[in-house]
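Peer 1: Questions regarding the structure given below will be posed in turn.
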Amino acid sequence: MKSKKRIAIIGTVGIPARYGGFETLAEQLVTRLSHEFSFTVFCSKKAYPKSERVKDNGQVKKIYLPLAANGLQSIVYDVVSVIWGLFISDVLLVLGVSGAFILPVIKLFSRKKIILHIDGLEWKRAKWNGLAKKFLKASEAVGVRFADVIIADNEEIRNHIKSSYQCEGVLIEYGGDHVITGNTNKQLTTAENGYAFSVCRIEPENNIEMILQAFSTMPSRQLVLVGNWFNSQYSKALYEKYTQYPNLRLTPPIYDIKALNELRQNCYMYVHGHSAGGTNPSLVEAMCLELPVLAYSVNYNIYSTQSKALYFSSASELVSVYQSVSDEKRAEVALDMKRVADERYKWSIIIAKYRDVFCI
């Protein structure tokens with residue numbers, strides 16, 4: 036019997052998924068392809084209590100490292116994972132570029148296949164200082180040059196790869212239909228009795244303050260914004276400033292998918308403020324749930340929604356669109372979001388593309 040090809044997934048916090056898009060991707064790959072491939076996922080020991088650290092469940096092997104998967108430690112975390120992965124796998128799927136600078140050294144000693152998912156343009160994010168931005172940009176350039184396959188999750192990212200590095204990336208977006216549970220109690224909402232909803236990390240490039248500022252001027256319109264409000268000085272300052280407004284409900288992260296869906300599916304409008312990165316998983320999930328989307332007007336979001344959503348580029352424009360949109364237009368946008376999601380963002384479609392890349 037032919038042995039399975041061994042895939043190491045590097046760069047996530049780990050599985051089960053509790054953090055973001057890369058973790059959900061890793062979980063979906065393992066769940067859907069473990070009958071064809073042998074998976075090892077590198078996980079952060081800091082993210083899982085000892086009682087939850089199952090190293091091998093028959094479907095996937097997990098290797099727990101005593102490092103954080105995000106922030107400055109992510110560089111060491113990724114490098115250690117890449118080096119370790121060389122000895123236990125045939126293919127390395129590296130998610131993110133923070134450890135990609137090591138690839139030229141790796142290629143001197145190994146012919147193992149390396150697939151690099153460059154995520155968004157990480158070096159453009161406002162949360163990084165100048166030195167970190169330069170490092171991430173350089174690491175991206177090195178990674179693109181030395182990886183065997185480059186994955187972009189958005190057409191804008193693929194265009195960047197081609198124009199900056201004269202390299203063809205493979206477009207593979209995200210799935211979002213895992214959030215469709217079918218047992219959510221959906222209620223009829225109007226602008227008067229309903230609420231806008233958003234879920235994201237509380238970071239500058241997600242235009243959190245723009246959204247909060249807009250709704251602070253609309254006291255009769257409710258906003259529920261779910262995020263990591265106590266994770267940084269930036270998020271804490273925003274929480275202190277805007278929690279005083281009675282129409283703003285600033286909620287900590289919700290990891291129970293049913294509870295999160297209850298809030299999402301009963302919202303009057305889904306507000307998406309992301310301005311950096313590529314195809315955002317939370318946007319894709321909102322589209323799969325057939326929510327009317329009001330998104331920040333940037334090329335990534337316009338591409339992801341095929342120009343069919345509502346858009347804003349300032350707090351005043353957000354207020355104007357939110358207050359003037361008709362029920363008919365809202366319903367039309369919701370249907371368009373679902374149609375686009377069904378065509379592009381089903382996990383069956385996404386996983387088939389990864390399978391093809393693994394088999395090349």
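Per the numbering used here, residue 36 is the first one in the sequence shown, and the count goes up by one each step.
We put the beta carbon where it would ideally sit given N, CA and C, even for glycine.
#1: In whole angstroms, give me the CA-to-CA distance for ASN235 and SER317.
#2: If distances are taken between C-alpha atoms only, which option among GLN108, VAL117, GLU87 and SER73 comes closest to LYS96?
#3: Only counting runs of 4 or more residues, tell me where the alpha helix (DSSP H) segments fall wholly within the stretch 252-296, in order along the chain.
#4: Do you know offhand how far PRO101's Cα is from ASN301's?
#5: Are MET372 and MET304 touching if we call contact CB-CB under 9 Å?
#6: What's the gap between the Cα of SER145 and the Cα of ILE44?
#7: Under the DSSP definition of a beta bridge, which residues are partnered with CYS78?
#8: Short check: CB of LEU345 to CB of VAL333, under 9 Å?
#9: In the DSSP assignment, find the alpha helix (DSSP H) that holds LYS168 and state where it starts and stops.
#10: Note down, in chain order, each residue of its chain lying with its Cβ closer than 6 Å to the Cβ of LEU260, except the 5 sequence neighbours on either side.
#11: Pop quiz: ILE292 and VAL214 are said to be a contact at Cβ under 8 Å. What is the actual Cβ separation, rounded to whole angstroms?
#12: Whole angstroms are fine: how far does the CA of ALA135 sit from the CA of GLN108?
#13: Quick check on GLU240: buried or exposed, where buried means 16 or more other Cβ atoms within 10 Å of its Cβ?
#14: Which whole-angstrom value describes the C-beta separation of ILE15 and LYS388, a residue pair presumed to lie in contact below a C-beta threshold of 8 Å?
#15: Counting C-beta neighbours from all protein chains within 10 Å, is the total for VAL140 16 or more, i.e. buried, or is it exposed?
#16: State whether the stretch 264-283 contacts the stretch 174-192, with contact taken as three or more CB pairs (one from each stretch) at a distance under 8 Å.
#17: Helix, strand or coil: which one does DSSP assign to ARG421?
#18: Per DSSP, what kind of secondary structure is ILE185 in: helix, strand or coil?
#19: On the DSSP bridge assignment, give the partners of LEU318 in chain order.
#20: Helix, strand or coil for ARG41, going by three-state DSSP, please let me know.
Peer 2: Reading it off the structure:
#1: Checking the sequence, you will find Cys at residue 235 rather than Asn. So the alpha carbons of these two residues sit roughly 7 Å apart.
#2: SER73
#3: 268-277
#4: 40 Å
#5: no
#6: 17 Å
#7: TYR99
#8: no
#9: 165-181
#10: SER233 and LEU285
#11: 6 Å
#12: 14 Å
#13: buried
#14: A question about residue 15 goes unanswered here, because the residues of the chain that appear run from 36 up to 395.
#15: exposed
#16: no
#17: The first residue shown for the chain is 36 and the last is 395, placing residue 421 beyond what the model contains.
#18: strand
#19: Looking at the DSSP assignment, LEU318 forms no beta bridge with any residue, so it has no partner.
#20: strand
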